[in-house]
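Worksheet for the structure shown next.
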Amino acid sequence: MLYMSSTKTKARMISTENISKKYKNDFALKEVSTTLPTGKIVAFIGSNGAGKSTVLNIISRLISPSTGNVYIDGRKIPQWETEELAKKLTILGQSLHSEARITVKDLVGFGRFPHSKGNMDAKDKKAVEDALAITGIEELKDRFIDELSGGQRQMAYIAMSIAQDTQYILLDEPLNNLDMGRAVKIMKIMQHLVKEKSKTVFMVVHDINFVSFYADYVLAFKNGELKYQGKTDSIMKSEILSDIYDIEISVENYRGKKICIYYK
């Protein structure tokens, strides 16, 4: 069962055209073609090594595809200047370690660099304050990053991404190492950005119940291939999830939402 979208490009969208990534003799990604929906939370799911992070890194130009093309708002990625792309798209990777001894406020301020070039005006400062408020970490703004817990540090980096104020926000496993409360908070922040700020969020998520409750659209990867995609309800099915993860997964309805059970 395969859901594929047209790769026809137009304004305000990201699409991929037969992108593959090969390391020596192994494919990390195999001929992925899709058009990603905008104004949504789009979750990338699949087992470790399925190709999820590779797609995000190719879209963000952190790595180049071995073959194929990525279009951002109708233009191939090589046609974007770095400074221009930084105002359009931000990515937050899995490694959130900083060698510099900087405060939370200064870290969040780095998100404004594509706009301010290091000379922040009133608009930039307000964007930083707004990002601190949205993430609820105003009280941490004068703390040094290396003094924070892992969850607090994660929130600070997410605030930095928000301050960058891009149309597209790419998050690679943002819920890792977070307690349940902070994970829920991050997902609600993403919902706020989509609904109130008209952002588009692409995120790699391992907890499929968070996907079920908060994502609007899902791309499911297996062995480097985009095997299924569609609206969340269409992917939250036992046969699809069991195939993706190679374990038995049952899906139950609870208060209008689908709960995935995989502890049998």
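Residue numbers for the sequence shown follow the numbering used here, beginning at 197 and rising by one. All residues carry an ideal CB built from backbone N, CA and C; glycine is no exception.
#1: So N253 is in the beta strand (DSSP E); what residue range does that whole segment cover?
#2: Among G242, P233, G270 and T212, which one has its Cα closest to the Cα of P261?
#3: Considering only DSSP beta bridges, list what E392 is partnered with.
#4: Determine the direct distance from the alpha carbon of T231 to that of T203, and round the result to whole angstroms.
#5: Please confirm if the region 273-282 is in contact with the region 421-441, defined as three or more CB-CB distances below 8 Å between the two stretches.
#6: In whole angstroms, what is the alpha-carbon distance linking L281 and G245?
#7: Apply the 10 Å Cβ neighbour rule to K301 and answer buried if 16 or more other Cβ atoms are within range, or exposed otherwise.
#8: Using CA atoms only, rank isn't needed, just tell me which of K391, R349, Y219 and L371 is closest to I237.
#9: Can you have a look at Y441 and say buried or exposed, based on whether 16 or more other CB atoms are within 10 angstroms of its CB?
#10: In the DSSP assignment, find the alpha helix (DSSP H) that holds T280 and state where it starts and stops.
#11: For L288, which option in S256, D326 and K319 has the closest C-alpha, if you only look at C-alpha atoms?
#12: Of the residues M209, G247, K393 and M356, which one's Cα is nearest the Cα of K217?
#13: By the 10 Å Cβ neighbour count, where 16 or more other Cβ atoms means buried, how is L198 classified, buried or exposed?
#14: Classify K313: buried if its beta carbon has 16 or more other beta carbons within 10 angstroms, exposed otherwise.
#15: Would you please state the rounded distance, in angstroms, between the beta carbons of K381 and L389? I believe it to be under 8 Å.
#16: Buried or exposed for Q360, please, with buried defined as at least 16 other CB atoms from any protein chain shown within 10 angstroms of its CB.
#17: By Cβ distance, which residues of its chain are closer than 6 Å to E448, with the 5 residues on each side in sequence left out?
In brief:
#1: The sequence position of residue 253 within the sequence shown is 57, counting from 1. Looking at the DSSP string, N253 is not in any beta strand (DSSP E); the run it does join, the alpha helix (DSSP H), is K248 to I255.
#2: For this step, residue 261 is matched to residue 65 along the sequence shown. Residue T212 is the option with its Cα nearest to P261.
#3: By 1-based counting over the sequence shown, the position of residue 392 is 196. Answer is none; E392 lacks a bridge partner.
#4: Along the sequence shown, one-based indexing puts residue 203 at 7. Along the sequence shown, one-based indexing puts residue 231 at 35. For T203, the predicted structure reports a pLDDT of 41, less than 50, and the residue's modelled location is therefore unreliable. A value from the coordinates is still provided. Rounded to the nearest angstrom, the two C-alpha atoms are 5 Å apart.
#5: no
#6: The count along the sequence shown starts at 1 and reaches residue 281 at position 85. The count along the sequence shown starts at 1 and reaches residue 245 at position 49. Their backbone Cα atoms lie some 27 Å apart in a straight line.
#7: Walking along the sequence shown from the start, residue 301 turns up at place 105. The residue in question, K301, is buried, as its Cβ has 16 or more Cβ neighbours within 10 Å.
#8: Counting from 1 along the sequence shown, the entry for residue 237 is found at position 41. For the residues K391, R349, Y219 and L371, the minimum Cα distance to I237 belongs to K391.
#9: The residue given as residue 441 occupies position 245 in the sequence shown. Counting Cβ neighbours within 10 Å, Y441 comes out buried, since at least 16 surround it.
#10: The count along the sequence shown starts at 1 and reaches residue 280 at position 84. The identity of residue 280 in the sequence shown is Glu, whereas the question assumes Thr. In the DSSP assignment, E280 falls within the unbroken alpha helix (DSSP H) covering T278 to A282.
#11: In the sequence shown, residue 288 corresponds to position 92, counting from 1. Answer by Cα proximity: S256.
#12: Translated into the one-based positions of the sequence shown, residue 217 becomes position 21. Checked all of M209, G247, K393 and M356; the closest Cα to K217 is G247.
#13: Indexing the sequence shown from 1 puts residue 198 at position 2. With a pLDDT of only 40 at L198, under the threshold of 50, the placement of this residue in the model should not be trusted, and no figure is reported.
#14: Numbered from 1 along the sequence shown, position 117 holds the residue referred to as residue 313. Under this definition K313 is an exposed residue.
#15: Position 185 of the sequence shown, counting from 1, holds the residue named residue 381. Position 193 of the sequence shown, counting from 1, holds the residue named residue 389. Between L389 and K381 the Cβ distance is about 13 Å, and since that is not below 8 Å, they are no contact.
#16: Here residue 360 is taken as the residue at index 164 of the sequence shown, counted from 1. Q360 comes out buried.
#17: Reading the sequence shown from its first residue, position 252 is the one you call residue 448. Here the set comprises I455.
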